[in-house]
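With positions in the sequence shown counted from 1, the corresponding number in our numbering is that position plus 7. Cβ coordinates follow ideal geometry from the N, Cα and C atoms, glycine included. Here the structure is laid out as structure tokens; the discussion comes afterwards.
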Amino acid sequence: MSSPRVKVTSLKPHPLNHKRLHTASKAGKASKKQTPESSRLQEAFTFCRQHLFPRWDRKRRWRIKLDPTLDSVALCHFKKRTIFFQAVERDEITLLMLVCHEIAHAALQKRCGHGKRWQHRMLEASTDAENVGNSQLAEAIKRNAEAYTPDNSETVTPASIKNNIRDVTFDFFHGDGKVPALTTVLHHISLHSCLSVSELRRRCRGYKAAYKDTIEEIEAEEVERARQQSPHLESIADNLEPREPSDGLQPSSVT
Ligand SMILES: [Zn+2]
């Protein structure tokens, strides 16, 4: 079977590569490299303000900051009127799309919702991007907005987190043929749910089991696929080891 078994959900990764976002900067050793990254972030912020959100924050009270210690990819802090980014995405379109995503939250003055109002604001921004001649950005913003369904965007349940762990792991695997680390998967879900990684872990105690079950599912699929293609398959399972230790896994009790 060649069709992917991944269901399309609200947290389906957008087609642009997110992985560098999670590995580009490690807490503690990024301080010396912050200047060029910070200026790219500021430029992205300025572009989005001017072209996609011209009526928002006219008094220029909001700021954007790089904070490598952040445990989510990005955070919209309403009280501080600051958008924090853990790292700066190297791909320009993805960076602009992510900044746009956060400003759309800031512009609505409402925490962490990906409901209809947020989606509508993103689609407006997409049109604006198109109008200034950046079709690639317009498409990236539109896809990101459409990856959320208003029905389930407001609530993140243990079951939805488990589903998303499975879907994101499969999507990464189908993207480059490698099993993503659990932390990469959680960071990705964090970006789309606006919950920190530690909050995701707290809400879903079975997150490790969900990840382990997914890895086993991928392994079983690959072994089966290899069996159909070739009789020599001893090393297939070895190549599918996750990139980080997965000790302390709970027994399979995912419902
Ligand atoms: Zn968001």
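(request) Please report the residue range of the beta strand (DSSP E) in which Ala154 lies. (result) Careful: Ala154 lies outside any beta strand (DSSP E) and carries neither H nor E.
(request) Output the distance between the C-alpha atoms of Arg209 and Lys215, rounded to the nearest integer angstrom. (result) Rounded to whole angstroms, the separation of the alpha carbons of Lys215 and Arg209 is 12 Å.
(message) Going by C-alpha to C-alpha distance, which of Ser203, Gly213, Thr53 sits closest to Lys169?
(response) Out of Ser203, Gly213, Thr53, Gly213 has the C-alpha closest to the C-alpha of Lys169.
(request) Leaving out five residues on either side along the sequence, give the residues of the same chain with a beta carbon under 6 Å from the beta carbon of Leu82. (result) So the list reads Phe91, once near-sequence residues are dropped.
(request) Would you identify the three-state DSSP class for Phe85, choosing helix, strand or coil? (result) In the structure shown, Phe85 sits in coil (DSSP, three-state: anything other than H, G, I, E or B).
(request) Enumerate in chain order the residues of its own chain whose CB-to-CB distance from Gln49 is below 7 Å, with the five nearest sequence positions on each side excluded. (result) Only Ile71 meet the Cβ criterion.
(message) Under 8 Å: does the beta carbon of His108 sit that close to some heavy atom of ligand 1?
(response) Checking every heavy atom of ligand 1 against the Cβ of His108, one is found closer than 8 Å.
(request) Look at Cys107 and Leu144 and say whether their C-beta atoms are less than 9 Å apart. (result) Closer than 9 Å, so yes.
(request) Give the single residue among Lys87, His127, Gln93, Ser46 whose Cα lies nearest to the Cα of Phe60. (result) The residue with the shortest Cα to Cα distance from Phe60 is His127.
(message) ligand 1 and His121: does the residue's C-beta get closer than 8 Å to at least one heavy atom of that ligand?
(response) Because some heavy atom of ligand 1 lies under 8 Å away, the Cβ of His121 counts as near it: yes.
(message) Assuming contact is defined by CB atoms lying nearer than 9 Å, are Cys55 and Leu115 in contact in what I supplied?
(response) A distance of 9 Å or more separates the beta carbons of Cys55 and Leu115.
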